[in-house]
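K.L.:
The numbering used here puts the sequence shown at residues 12 to 273.
Where a beta carbon is used, it is the ideal one built from N, C-alpha and C, also for glycine.
Fair warning: this is a prediction, and the values are worked out from it, not measured in the lab.
Questions regarding the structure given below will be posed in turn.
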Amino acid sequence: MENTVSHVATWVIAGLRKTTFGSLGQLRAAIRERVEAYNQEPFQKRAGSRRSVFLAEEQPLMNPLPAVSYEISTWVYGRKVARNSYVSWQKNYYSVPIINIGATVDLRLTESVLEVYRNHERITSHRLLSGETLNQYQTNDADIPPERQWQHWDTQRVTDWAARTGPCTLNVVERIFESVQVQEQGFNAALAVLRLSRRYGPARLEAVCRIALQSQVRSPRYAHLRPLLETGQDKNLDTQPDPFHNEGGYVRGSDYYAGGTR
Numbered sequence: 012m013e014n015t016v017s018h019v020a021t022w023v024i025a026g027l028r029k030t031t032f033g034s035l036g037q038l039r040a041a042i043r044e045r046v047e048a049y050n051q052e053p054f055q056k057r058a059g060s061r062r063s064v065f066l067a068e069e070q071p072l073m074n075p076l077p078a079v080s081y082e083i084s085t086w087v088y089g090r091k092v093a094r095n096s097y098v099s100w101q102k103n104y105y106s107v108p109i110i111n112i113g114a115t116v117d118l119r120l121t122e123s124v125l126e127v128y129r130n131h132e133r134i135t136s137h138r139l140l141s142g143e144t145l146n147q148y149q150t151n152d153a154d155i156p157p158e159r160q161w162q163h164w165d166t167q168r169v170t171d172w173a174a175r176t177g178p179c180t181l182n183v184v185e186r187i188f189e190s191v192q193v194q195e196q197g198f199n200a201a202l203a204v205l206r207l208s209r210r211y212g213p214a215r216l217e218a219v220c221r222i223a224l225q226s227q228v229r230s231p232r233y234a235h236l237r238p239l240l241e242t243g244q245d246k247n248l249d250t251q252p253d254p255f256h257n258e259g260g261y262v263r264g265s266d267y268y269a270g271g272t273r
């Protein structure tokens, strides 16, 4: 191979050494002509030429180039599909066919595409969101069909649990579902809130939900409620006096006006 490259270079350079070119395009055209002439040159010890051998023996075995350009990829292994049928990557979420809920999958990442594999078989693919995008959901309609008979959780079951806990908890959960584009996107956040009742009890969860709803947070989440429970801000909520509220105002007694206590 190296000898052939050297031979071609000599053939081309020797044939053009006395020619002056006015542009790079002219030089390229002349080189192509010299290479074609080299390939058409008859063999010395056998019939044919390099060109005829290529057409007869090599070209029939060649396949067309892929329609899509090759992209370098990176693999990420062992990602778990969440209960809402999404898998997370760099703080964004990509839908996976709903029958894979709870399964472990692998991600193949290129500059523009995220592919999800299970048992070495691709099950879905998405346009990869940019690094500047956070907490966004990419959903393929085929991954989460209208008939969700395989789901362990649905919106009604989640809201029923919230309603049993209390009206403020129900309000928090309803706000979570109102804040997402697809209801399945709210399952993890809603269930995270409701599971606080297992550790702190339904009454305390209801109390901190009431506190959170009085704040400026439009849709309280687990991250807002857990610190309230950990610091006990819900305890004795109804009996704690408001230090900034005094229905009687500031009252001065008779001694003040008599020149006594000031």
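Can you list, in chain order, the residues of its chain with a C-beta nearer than 7 angstroms to that of Gln192? Leave out the 5 residues immediately preceding and following it.
P.N.:
Excluding positions up to five away in sequence, the list reads Tyr148.
K.L.:
Val169: buried (16+ other C-beta within 10 angstroms of its C-beta) or exposed?
P.N.:
When all chains shown are included, Val169 counts as buried.
K.L.:
Among the residues of its own chain, which have a CB less than 7 angstroms from the CB of Leu27, if the five just before and after it don't count?
P.N.:
Within the same chain, Leu27 has close Cβ partners Ala41, Arg45.
K.L.:
Going by other Cβ atoms of all chains shown within 10 Å of its Cβ, with 16 needed for buried, is Asp245 buried or exposed?
P.N.:
The residue is buried, with at least 16 neighbouring Cβ atoms inside 10 Å.
K.L.:
What's the C-alpha gap between Gln225 and Tyr105?
P.N.:
Whole-angstrom Cα-Cα distance: 33 angstroms.
K.L.:
Looking at the secondary structure, which residues open and close the beta strand (DSSP E) in which Leu125 lies?
P.N.:
Start and end: 124 to 129.
K.L.:
DSSP state of Gln70, grouped into three classes?
P.N.:
Correct three-state label for Gln70: helix.
K.L.:
In the structure shown, what three-state DSSP assignment does Glu132 receive?
P.N.:
Three-state result, Glu132: strand.
K.L.:
In its own chain, which residues sit with a C-beta less than 7 angstroms from the C-beta of Leu120, not counting the 5 before and 5 after it?
P.N.:
Closer than 7 angstroms at Cβ, skipping near neighbours: Ser84, Thr85, Val87, Leu139.
K.L.:
Measuring straight from C-alpha to C-alpha, what distance separates Glu132 and Glu126?
P.N.:
Each residue's Cα considered, the two are about 10 angstroms apart.
K.L.:
Classify Ser106 as helix, strand or coil using the three-state DSSP reduction.
P.N.:
Here Ser106 sits in strand by DSSP.
K.L.:
Run through DSSP, which three-state label would Asp117 get?
P.N.:
In the structure shown, Asp117 sits in a strand (DSSP, three-state: E or B).
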